[in-house]
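Data block below; observations after.
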Amino acid sequence: ELLDELPRVGRISFRRLTADLAERIEVIVRFLAVLELFKQGYVDLEQPQRFGDIEVAWCAPDDVSTESILIDAYDG
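Written out as structure tokens, the structure is:
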């Protein structure tokens with residue numbers, strides 16, 4: 003879902019990324035996914051003030067397709 007939405011919107015708050023999620027575990031998993039994308043260099047994160055909204059900005063090079071991003075499968 004993130005790999006579909008983030009390149010399309012470019013910049014979004016984490017609050018908006020999780021607004022439609024009902025379960026706390028879904029928010030946690032989404033947060034971990036954002037951190038992994040940050041670690042791989044595909045997004046930038048900004049939090050202008052302590053305890054403020056986290057802004058997520060897609061910054062992957064234009065020549066990177068979302069299909070080429072390594073995603074670990076979770077068999078839950």
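Counting from 1, position 12 in the sequence shown corresponds to residue 14 in our numbering; the numbering is continuous, with no gaps.
Every residue gets a Cβ at the ideal spot worked out from N, C-alpha and C, and that includes glycine.
Just so you know, these numbers come straight off a predicted model, no measurement behind them.
Span separating the alpha-carbon of residue i from that of residue j
i, j, result
"residue 47", "residue 24", "23 Å"
"residue 56", "residue 13", "11 Å"
"residue 41", "residue 32", "14 Å"
"residue 29", "residue 20", "6 Å"
"residue 36", "residue 45", "8 Å"
"residue 50", "residue 17", "14 Å"
"residue 60", "residue 22", "20 Å"
"residue 111", "residue 53", "This structure cannot speak to residue 111, because the chain is shown only from 3 to 78."
N- and C-terminal bounds of the alpha helix (DSSP H) containing residue i
i, result
"residue 47", "No alpha helix (DSSP H) contains residue 47, which is instead part of the beta strand (DSSP E) from 45-48."
"residue 40", "26-41"
Per-residue DSSP class, three states only, for residue i
i, result
"residue 14", "strand"
"residue 21", "coil"
Residue i classed as buried or exposed, judged by whether at least 16 other C-beta atoms fall within 10 angstroms
i, result
"residue 8", "buried"
"residue 58", "buried"
Opening and closing residue of the beta strand (DSSP E) in which residue i lies
i, result
"residue 57", "57-60"
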